[in-house]
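Quick note: the sequence shown uses the working numbering, first residue 41, plus one each step.
Note that beta-carbon positions come from the ideal geometry of N, C-alpha and C, so glycine has one too.
As the structure is a prediction and not an experimental result, all values here were calculated from the model.
First up is the structure itself, then whatever we jot down about it.
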Amino acid sequence: MAALSAPTAANAQTYWQCAPFARVFSGIQLFGAAASWWHQAIGKYAHGEAPKMGSVLVFKAIGAMRSGHVATVTKIVSDRIIKVTHANWGGAKGRVERDVTVVDASPAGDWSQVKVWYSPIGNIGTRAYPTYGFIYNGAKAVAAEASAAGRALESADGNIGG
41 MAALSAPTAA
51 NAQTYWQCAP
61 FARVFSGIQL
71 FGAAASWWHQ
81 AIGKYAHGEA
91 PKMGSVLVFK
101 AIGAMRSGHV
111 ATVTKIVSDR
121 IIKVTHANWG
131 GAKGRVERDV
141 TVVDASPAGD
151 WSQVKVWYSP
161 IGNIGTRAYP
171 TYGFIYNGAK
181 AVAAEASAAG
191 RALESADGNI
201 GG
């Protein structure tokens with residue numbers, strides 16, 4: 041699979057907000073607005089600026105993205121490119137998008153700004169979004185995380201669409 045290939049979108053019967061979907065998909069038990077997850081994670085979950093499989097990338101609240109955004113890392117392509125699965129982003133309101141390309145656009149290479157694949161233009165979006173970093177889920181076994189992820193995708197309707 042090419043590093044910057046188009047994401048696959050799940051046809052969702054359910055309207056998902058990003059935070060509830062990320063909670064079910066990642067197993068990270070935080071609640072409320074997506075941007076609040078970073079501060080809620082203090083003392084509960086490790087967090088940092090490097091992506092790890094299953095970690096949650098937390099976007100800051102800015103402009104029209106008043107509540108921020110969260111997305112779960114599903115693949116590390118390189119030190120500056122990852123794939124995420126997330127809900128309710130851009131043109132896919134309420135829908136789940138799988139394995140969406142996210143690029144570190146920060147000058148320091150610290151993931152403090154990212155650009156996200158944008159389906160309507162068939163490429164990485166032009167806007168850089170500020171992020172807090174990644175929340176790591178070390179509390180759950182890999183099998184439990186995989187089970188939760190499977191349930192989340194089934195709930196989002198396992199039919200793959202493009």
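Bridge partner(s) assigned by DSSP for residue i
i	result
N163	Y158
I153	In the sequence on display, residue 153 carries Gln and not Ile. For Q153, which the question treats as bridged, DSSP gives the partners P170.
G88	F174
Where the alpha helix (DSSP H) through residue i begins and ends
i	result
S118	Segment H109 to S118 is the beta strand (DSSP E) holding S118; no alpha helix (DSSP H) there.
Q80	W77 to Q80
Start and end residues, beta strand (DSSP E) containing residue i
i	result
A59	Premise fails: A59 lies in the alpha helix (DSSP H), C58 to S66, not in any beta strand (DSSP E).
W129	I121 to W129
G134	A132 to D144
T171	Y169 to I175
L97	V96 to F99
Residue i to residue j span [Cα, whole Å]
i	j	result
V98	A59	10 Å
A148	V96	20 Å
G103	G178	32 Å
L70	K155	24 Å
M105	S146	19 Å
D79	A86	Residue identity differs from the one stated: residue 79 is His in this sequence, not Asp. Rounded to whole angstroms, H79 to A86 spans 11 Å at the Cα level.
V117	K92	11 Å
G173	D144	11 Å
K133	A127	8 Å
Local Cβ density within 10 Å of residue i, reported as buried at 16 or more and exposed below that
i	result
P160	exposed
I175	buried
G245	Since the displayed the chain opens at 41 and closes at 202, residue 245 lies outside it and no answer follows.
W56	buried
D119	exposed
T112	buried
E194	exposed
K84	exposed
A81	buried
G88	exposed
G162	exposed
Determine, using beta-carbon pairs with one atom in the region 59-71 and one in the region 138-145, whether at least three such pairs fall under 8 Å. no
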